[in-house]
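Engineer: Numbering (the working numbering), first residue to last: 19 to 208.
All C-beta atoms, glycine included, are put in the ideal place defined by N, C-alpha and C.
Keep in mind it's a predicted model, so treat the numbers as computed, not measured.
Dumping the structure here so I can ask a few things about it.
And the structure:
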């Protein structure tokens, strides 16, 4: 089985491999996906299911309004789908950035892809499909991971979240964004 420590070890190993050769952030996203997928296909189907469950749990743990506001500043979107992609992208940055962002969403202003305010998205929609592709490659079952997740008793509580945690505020209010996320606001609003 794959616990959260093994999950992060796999992600961080893939990040280290990619960061050693891939300086461009947009290309890095694709390379991280490939590196994680290659690591997963060497695992068992049960471990791929566990990887997917851990990713789901971490994504749910980051389902917070303060991170959503940070995502709005960085990626410019305010929708459930876009925020899910942002959280997957945050996970794909590795444990260090994920945990930093959860402790202080404004700390994302320090990330190299964010701090210059360029046209770079943290969101990574395709990272959500890494486990699905690996499972399909390993088992030959196109919908096998979805079926396995539906059958998993761990998956039940993960679909229960309907509202992000924390206080919601008006992300269109520049003064409020500057007060709550001053460093990100300095990059994207000023």
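#1: Measure the C-alpha to C-alpha separation of residue 61 and residue 196 and round it to an integer number of angstroms.
#2: Thinking C-beta only, is residue 119 closer than 8 Å to residue 202?
#3: If you check the beta carbons only, do residue 109 and residue 76 fall under 8 Å apart?
#4: With 16 other CB atoms within 10 Å as the buried threshold, where does residue 132 fall?
#5: If residue 141 sits next to residue 103, beta carbons under 8 Å apart, how far is it from one beta carbon to the other, in whole angstroms?
#6: I believe residue 57 touches residue 80 by the beta-carbon criterion, under 8 Å. Please report the beta-carbon distance rounded to the nearest angstrom.
#7: Quick check on DSSP: helix, strand or coil for residue 87?
#8: In angstroms with no decimal places, state the Cα-to-Cα distance between residue 185 and residue 156.
Structural biologist: So, from the listed chains and residues:
#1: 45 Å
#2: no
#3: Note that the C-beta distance between residue 109 and residue 76 is below 8 Å.
#4: buried
#5: About 4 Å; that satisfies the 8 Å criterion.
#6: Contact flag wrong, Cβ pair sits at about 22 Å.
#7: Residue state, collapsed to three classes: helix.
#8: Their backbone Cα atoms lie some 42 Å apart in a straight line.
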